[in-house]
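In our numbering, the protein residues as written are 272 to 608.
For every residue, glycine included, the Cβ atom is placed at its ideal position computed from N, Cα and C.
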Amino acid sequence: MPKRKIAIILSILILSTSLVACGNKDVNTGGGKKDKVQLKMSVTSADGSTWTKGANKFAELVSEKTNGEVEVKVYPNEQLSGGNQGKGVEMLRNGAIDISFHSNIIYSIMDERFGVISLPWLLPDHETVDEKLNGSGGEAINEILDEIGVVGLGFGENGFRQITNSKRTIRTPEDMEGLKIRIPGIKMYISLYKALGADPIAMNFAEVFTSLQQKAIDGQENPTDIISSSKIYEVQEYLTVWNYSYDAIILGMNKEKFESFDEKTQQALREAAQEACEFQVQLNRELEEEQLKMFEEKGMEVVRLTPEEMAAFQAKMDPVYDEYETIIGKDLIDAFR
């Protein structure tokens, strides 16, 4: 065969091989080995928190399950978005961040439907949380995530939001009357506290400790980990465990990035996420009990409401549910009932 024809045939074969390689989702090196892929993961809370421990566990498991071909680099303390959690979710959506741990409450700023998880006393205990987030409720949230370009890989836990104050023990709705309570700047919480007769005050969290210390406000509400890490127990006398609002953290991944991987890698990511979320949730629940004991040791009066006592507060929530059924839809709320 003439040399010219041989050269043409070889060129065609090389070009065909290149085109096939480009069409594959995983990019291969010349030796047939996959290139290592590094993913950026944003976490809201600081290093050492259960959030970050869960994220680090996820990174470890992803590396293990992909034989080191996928590496997850964890950025705690909302570094990638300059401390702006809402911006962090937007960066996840547009692909500037690959993966993140963000609260459903932060997602609700963008789409109020995510606030369903935190509706008052809708998820009153851990058993209900696990049942609904692993069932119909979790499926509904994952569908909404898909709509906004995010793949839901799992649910971690920030925990139940508890209330503290410096005035009195809270056991009944009447005990809330007139209390100035700091809340996040979320409409649902404003409606909720007004329904209980309190005076809700939206305030930047950085101002809360000083405001409590100076008696500008009477109380605040947060998961126990925040109450502990911010030393709020130093300026508050009473804490009521009432599990009034649950705060989930969503392990989400940019949809386009997720779909760039082959099915085997996608499955590895899902498995790693599930295991890491279970690890983080368990850590958080163990820590919550330790923190409540610590608050008592520091001199706080810790009151744990019975289901019957919680029901008295829940009975006041009809106006909140009426309002939010029109905003997020009865079907979505029913998915968590």
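query                                                                                                                                                                      : result
Mapping the DSSP letters down to three states, classify Asp-306 as helix, strand or coil.                                                                                  : coil
Please report the Cβ distance between Gly-359 and Ile-368, rounded to the nearest whole angstrom; I am assuming they are in contact, meaning their Cβ atoms lie under 8 Å. : 7 Å
In this structure, how does DSSP classify Lys-438 when only helix, strand and coil are distinguished?                                                                      : coil
At 4 residues or longer, what runs of the alpha helix (DSSP H) sit wholly inside the region 364–423?                                                                       : 375–381, 397–404 and 407–418
What three-state label does DSSP hand Ile-598 in the structure shown?                                                                                                      : helix
At which residues does the alpha helix (DSSP H) containing Ile-461 begin and terminate?                                                                                    : 458–466
Between which residues of its own chain and Glu-361 is the CB-CB distance below 6 Å, once the five residues before and five after are set aside?                           : none
Run the CB neighbour count on Ile-598, radius 10 Å, all protein chains shown included, and call it buried at 16 or more, exposed below.                                    : exposed
Helix, strand or coil: how does DSSP classify Gln-585 here?                                                                                                                : helix
Can you tell which of Gly-468, Ile-461, Met-524 and Gly-449 has its C-alpha closest to the C-alpha of Ile-488?                                                             : Gly-449
Is it buried or exposed for Asn-299, if we count other Cβ within 10 angstroms and need 16 for buried?                                                                      : Summary for Asn-299: the model assigns pLDDT 39, below 50, so the residue's position carries little reliability, and this model does not support an answer.
Evaluate Lys-535 with the Cβ neighbour count: other Cβ atoms within 10 Å of its Cβ, from every protein chain shown; 16 or more gives buried, anything less gives exposed.  : exposed
Just to confirm, are Ile-462 and Met-474 a CB contact at a threshold of 8 Å?                                                                                               : Rather than Ile, the amino acid found at residue 462 in this sequence is Ser. The answer is no: Cβ separation not under 8 Å.
Can you tell me whether Arg-608 is buried or exposed? The criterion is at least 16 other CB atoms within 10 Å of its CB, across all chains shown.                          : exposed
One question on the structure: do Arg-439 and Val-479 come within less than 8 Å of each other, judged by their Cβ atoms?                                                   : no
Is the separation between the beta-carbon of Glu-402 and that of Ile-520 shorter than 8 Å?                                                                                 : no
For Met-565, does the three-state DSSP call read helix, strand or coil?                                                                                                    : helix
Using DSSP with H/G/I as helix, E/B as strand and the rest coil, what is Met-447?                                                                                          : helix
What does DSSP give as the partner residues of Arg-519 in its beta bridges?                                                                                                : Note on residue identity: the sequence assigns Ala, not Arg, to residue 519. Ala-519 pairs with Glu-428.
Does the beta-carbon distance from Thr-495 to Val-574 come in below 8 Å?                                                                                                   : no
Would you call the region 346–354 and the region 377–390 touching, i.e. three or more CB-CB distances under 8 Å?                                                           : no
State yes or no: is the C-beta of Gln-611 within less than 8 Å of the C-beta of Asn-555?                                                                                   : Not covered by the structure: residue 611. The range shown for the chain is 272 to 608.
8 Å is my cut-off, CB to CB: does Phe-480 come that close to chain D?                                                                                                      : Among the protein chains of the structure shown there is no chain D, as only one such chain exists.
Using DSSP with H/G/I as helix, E/B as strand and the rest coil, what is Gly-357?                                                                                          : helix
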